[in-house]
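All remarks here apply to the structure that follows.
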Amino acid sequence: MFLHSETDHIVTLTMDMPERSANVWNQASLDAFAAMLDALEQREDVKGLILHSAKKTFLAGADLDAIEAIAIGGKDAEELHGSAGALSELLRRLELLPFPTVAAINGSALGGGYELCLACNHRVAADSPGLQVGLPEAQLGLLPGGGGTQRLPRMIGIEKSLGLIMEGKRLGAVEALAMGLVDAVVPADELLSAATRWLEKNPAAKQPWDQEGFQIPGGDMDGYGAQVIMVATAMFQAKTHGNYPAGKAILSCFAEGLRLSLDAGLLVEKRYFIQLLLDPVAGAMVRTLFLNLEKANKLAARPKGLPRKAFSKVGVLGAGLMGSGVAYACAKAGMDVVLLDRDETTAKKGKTYSENLLNKRIKRGRSTQAKKQAILGRIHPSAAYSDLSGCQLVVEAVFEDREIKAEVTAKAEAQLDKDALFGSNTSTLPITGLAQASSRPDRFIGLHFFSPVERMPLVEVIVGKQSSDECLAHALDFIQQLGKTPIVVNDARGFYTSRVFGTYITEGLGLLAEGVDPNLIEAAGRASGMPMPPLALADEVGLELMHDVGLQTAKDLGDAYRPNPSTPVLQRMVVEAKRLGRKNQKGFYTYHERKKTLWPELDALFPRATAQPEVEDLAERFLYTQALEAARCVEEGVLPSVADGDVGAILGWGFAPFTGGPFSYMDGLGLKHFVSRATALAAQHGERFQPPALLLEMAAHDRSFHGP
Amino acid sequence: MGDCFLFDALRTPRGRGKANGSLHTLRPIELAATPLRALRQAHQLPEGRVDDVIMGCVEPVGEQGGNLARIAALMSGLGEGTPGMQINRFCSSGLDAINLAAAKVMAGQASLCIGGGVESMSRLEMGASGGPWATDPQVASALHFVPQGISADLLATRYGYSREACDRFALRSQEKAAAARHSGRDERGRIPVTDRNGITLLDQDEHPRPDTKLEGLAALKPSFKHLGERYGFDAVALQRYPDVERIQHRHHAGNSSGIVDGAAAALLGDGEAGEALQLKPRAIIRSFASVGSEPCMMLDGPVEACRRALSQAGLSAPEIDLWEINEAFSAVVLRVMDELAIDGERVNVNGGAIALGHPLGATGAMLVSTLLHELERQEKRYGLVTLCVGAGMGTATVIERLD
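Just so you know, the protein sequences line up as chains A and B, in that order. My numbering numbers the first residue of the first sequence as 528 and each following residue consecutively. My numbering numbers the first residue of the second sequence as 207 and each following residue consecutively.
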């Protein structure tokens, strides 16, 4: 695992874990590393140590299985106290070896991998493109528990390191050099010689924090550092409402540990690390945003045994906001795109959308003129259906109207090969119904993109009654080629995402009718962890649009239609008060030049009740109503995979990420607790909180969605 | 319970709390010793006769640290036998020092005490002593920590004190301070501060701006807007007070207390000590109370502190002839006046901290000095001193003038 070679008393350890594509920290590598330290600590003739990797990456961090085990597995503080500090202790031993050490960073060093580099006296990185260093643990609800919170600020200062660790940023070699995360960047083939040279020149190197009179660069916790922590704490609290323990733990590792010696600081870090491991948030976030996201990206839902399909030419019907976005995503992924609309001017406008996006990216240094030209060169605006000839897949993104959709479907299919796929980007209309307009409904599927397409990573794939396995498999191949994350759901009104997301707004609007202070409604939305409070969100979606959808649904469902709590509120706002939402600058908010304020007349329209609820209770209702609807989707067979349900909820509409998604949320509370609380809410606030039979049964049998 | 009489209460003038302030070159130990020495000399206190010296100080670090009260007692010639103790309840420290001294006397465990306070804000800046409230992330987030100015603006927003109302109150403070100075009545109880050669450094308050106009105040930029909006503190406060849509930033340098240097001390004791040393009991300490309140709103503690002190004294608000409500921020005083239905004509009649400045640890004792002398001048009976306090507290003391 650690290949040992020695020249002129300089030891080079080359990490090369067998049967793995990357080096990671797991029990085996920790054991091997410990054995290596045992041996080196006995040596008196060694003049230096170089750490290096035989893989493409240096060390990718903790093993996926290991992360799963610690985040979701054992929740015993005593046990974790014994085990969770293993890496940290080994790295301290490495640091205290009586000879200098260099990390020769040939590839990405992330998390525990970069913490290994921090424990060396010197870091030299190869100038390889794609090489990244950083401590991304916070993104998974964890903190760097191998000394990262203690060494990085001591090395580059509190202010610079805090942002990097809190946001879990990864830096390329050049940026890392500028920020001080590495000490030198050299061509890849000079890496080892540069490391050797440094060792020869610095035979007595010692970590700065192990030297007399060490001071944290840029101000310590008795100086500027304290101000940084004060402001960062407030800004973090402002943003997260106390929902994310990792950020607070990182802040505390800084605030507490940086007043102490490194050894004492490492103990502080270890205690907060264990606290995070004991907290359900980290486990839920790791499960959904790491493990299950990875599974979705690797197309876990793809029917087995069907050959993969690569897409080189696709069509997009409708050059509106969605169509233009889809065209951009396809062209960016290397496909030729025929972007079709009624007339060429409109179609061209759709292409301009991509041009504007690319210009912005160039301005921010994220793209180049050459790339822009290449991408734009692949987008072919057109008004002629005949141009669709040769397209392997067509994404329909026209107005949400059955007749229009039927018409363009027929026209497009007339130009397509018989095995081409047809994907409808509808967000609400049942796919099976739309497929009736198709001459080959087995090749017809729902591809629900989210707006803005270029930023939203999710695509909800809706399998119609007649969609074939092959159709699904190839649709997933297409989404993977776009670099997006698919979730697969079955056909029903609103599918999964729109349906569950809708309950959040419904609940928020319903509260107005109950006489709840709109300030409290919005505060509760923010406190619940949703990205936008419900009234503001309703304004963005459009009050008129929601009102129209309600009318349409009522018409479609006939006797089966039941008005929900938002119906009378929308009726009043749209019909009586003519407040249509953001688009006419009049909604629940009044829109001023740069800010918005709640419309003062709301109080008159929805008189306030004398007794006002607690924000915590409202926030609970927001998450419960969504979780219950998600559970109904499982019960009704709309959502085959709860893993997809969690991933889709966070990626699709920003369901409170700290929960790990609605199913992890219910699991975290315990289904018994969830069911009893939901039943109580139903008694108090209505049927919609009544837990479905599935939940009652699962609770009765002590089952959970992700567990046994 | 024995009586505790107030024999005297002296204060230094307040110097601008900046490098160009007249007291800036004075070491805090000298500033603290000044009113102690003045009391000793005025009343010819024998060495070791004072049973304790308790002094408030809010940033007791560096040259202001290490129990300045004892060192000041020694340096002012009160004698080796007189102990000293420094206390800190943030802004009410000077009043709490008096209350503690009074408590010792009333409990019969001391006969003669000095309570007072000191703060050299030009030398030790606010926050110099650190502490976990603001900078320990676990603490700051649990308590929804925001700086005082944000709390003041939250108070103004939630209870509807407009910018104009805050400015008008500030203007009145300046006008009252100017009138007090013009008539000379601000001199009562005030002692000059001299340098080591006896040359006067300062003999009158140097913070007031008697030419203040409403238009001038209206033009000042809010002091805490940037802090609140840019650095997340507004949002933190709103998480604690979700019924407020947004914080209106209404306080600024002109309607908030001034940063100044100063010290004050009061001589308190029982009847026996008064007789033995021929000290005239000028007032009696009727009651005092300290309370805790919600720490994010922070500054509305005086309301409950006053209620409790009044109830302990068996008095009601209308019976109080003169009020000294510390003008930390305009909205703080407006809130106390509204809640207790206080006649504005009885409040801070010689101006307050907006005009005169608020030397944190000393202010409480300064207000007792001001109140005692004004009760005597007007021949009124009851007076009440109260201050709002950081982290959500309030302290109030009721005194009764004796003929």
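Note that CB positions come from ideal geometry on N, CA and C, so glycine has one too.
So the alpha helix (DSSP H) His1001(A) belongs to, where does it begin and stop? In the DSSP assignment, His1001(A) falls within the unbroken alpha helix (DSSP H) covering Asp996 to Leu1009.
Step through the CB atoms of chain B and report whether any lies within less than 8 angstroms of the CB of Lys775(A). Judged by the 8 angstroms Cβ criterion, Lys775(A) is in contact with chain B.
Chain B contact for Gly769(A) (CB, 8 angstroms cutoff): Answer yes: the Cβ-Cβ gap between Gly769(A) and chain B drops below 8 angstroms somewhere.
Taking C-alpha atoms, which residue in Gly227(B), Lys486(B) and Ser328(B) lies nearest to Leu473(B)? Ranking Gly227(B), Lys486(B) and Ser328(B) by Cα distance to Leu473(B) puts Lys486(B) first.
Please work out which residues of its chain come closer than 8 angstroms, Cβ to Cβ, to Ile972(A), disregarding the five sequence neighbours upstream and downstream, and give them in chain order. Leu948, Phe949, Gly950, Ser951, Ile958, Val988, Ile989, Val990, Gly991, Ser994, Cys998, Leu999 and Ala1002
Close beta carbons around Leu521(B), own chain, < 7 angstroms, minus the five adjacent residues each side: Tyr588 and Val604
Does chain A have any CB closer than 8 angstroms to the CB of Tyr437(B)? So, interface residue.
Around the C-beta of Leu1064(A), are 16 or more other C-beta atoms found within 10 angstroms, so that it is buried, or is it exposed? It is buried - the Cβ of Leu1064(A) has at least 16 other Cβ atoms within 10 Å.
Going along chain A in order, which residues have a C-beta closer than 8 angstroms to the C-beta of Gly336(B)? Asp749 and Ala753
From Glu568(A), Pro1219(A) and Thr1012(A), pick the residue whose C-alpha is nearest to that of Asn824(A); which is it? Ranked by Cα distance from Asn824(A), the first of Glu568(A), Pro1219(A) and Thr1012(A) is Thr1012(A).
Anything in the region 342 to 357 of chain B with a Cβ closer than 8 angstroms to a Cβ of chain A? List those residues in chain order, please. Asp342, Pro343, Gln344, Ala346, Ser347, His350, Phe351 and Val352
Does the distance from the CB of His1233(A) to the CB of Val1169(A) come in under 8 angstroms? yes
Closer than 7 angstroms by C-beta to Gln518(B): which residues in its own chain qualify, once you throw out the five before and the five after it? Chain order, please. Ser493 and Ala495
Could you tell me the boundaries of the alpha helix (DSSP H) in which Asp1075(A) lies? Leu1070 to Leu1084
Quick one: using the 10 Å Cβ neighbour count with 16 as the cut-off for buried, is Gln410(B) buried or exposed? exposed
Through-space distance from Val843(A) to Ile902(A), alpha-carbon basis: 15 angstroms
Under 9 angstroms between beta-carbons, which chain B residues line up against Leu1047(A)? List them in chain order, please. Pro448 and Asp449
Segments assigned alpha helix (DSSP H), at least 4 residues, entirely inside the region 665 to 745 of chain A: 675 to 683, 685 to 694, 700 to 706 and 718 to 728
Does chain B have any CB closer than 8 angstroms to the CB of Leu669(A)? no
Can you look up Pro524(B) in the DSSP assignment and give me helix, strand or coil? Pro524(B): helix per DSSP, three-state reduction.
Cα-Cα separation between Leu867(A) and Val921(A), rounded to whole angstroms: 10 angstroms
Kindly indicate if chain A contains any beta-carbon less than 8 angstroms away from that of Val442(B). yes
Cβ-heavy atom distance, Thr584(A) to the ligand ADP, below 7 angstroms: Absence of the ligand ADP from the depicted structure is noted, as is the absence of any ligand whatsoever, leaving it without description.
Which residue marks the beginning of the alpha helix (DSSP H) containing Leu578(A), and which one marks its end? Careful: Leu578(A) lies outside any alpha helix (DSSP H), inside the beta strand (DSSP E) at Gly575 to Ser580.
Does the Cβ-Cβ distance between Ser1093(A) and Thr1152(A) come in under 8 angstroms? no
Cβ pair Asn1291(A), Pro627(A) closer than 8 angstroms: Because chain A is modelled from 528 through 1235, residue 1291(A) falls outside the range shown and cannot be assessed.
Taking Cβ positions, are Ile685(A) and Gly774(A) nearer each other than 8 angstroms? no
How is Asp401(B) classed by DSSP in three states: helix, strand or coil? coil
Is there contact here, the region 455 to 474 of chain B with the region 555 to 566 of chain B, by at least three beta-carbon pairs under 8 angstroms? yes
Cβ-Cβ separation, Asp1171(A) to Ala828(A) (assumed contact under 8 angstroms), whole Å: 7 angstroms
Is it right to say Glu1141(A) is buried, meaning 16 or more other beta carbons lie within 10 angstroms of its own, or is it exposed? It counts as exposed.
Could you check if Glu551(B) is buried or exposed, using at least 16 other CB atoms within 10 Å of its CB as the buried criterion? exposed
Around the C-beta of Ile397(B), are 16 or more other C-beta atoms found within 10 angstroms, so that it is buried, or is it exposed? Burial call: buried.
Which residue or residues does DSSP assign as beta-bridge partners of Ser548(A)? Answer is none; Ser548(A) lacks a bridge partner.
Three or more C-beta pairs closer than 8 angstroms, one from the region 915 to 933 of chain A and one from the region 846 to 866 of chain A: is that the case here? yes
For Arg802(A) and chain B, any beta-carbon pair shorter than 8 angstroms? It should be noted that the sequence gives Gln, not Arg, for residue 802(A). Not closer than 8 angstroms to any Cβ of chain B, the Cβ of Gln802(A) fails to qualify, so no.
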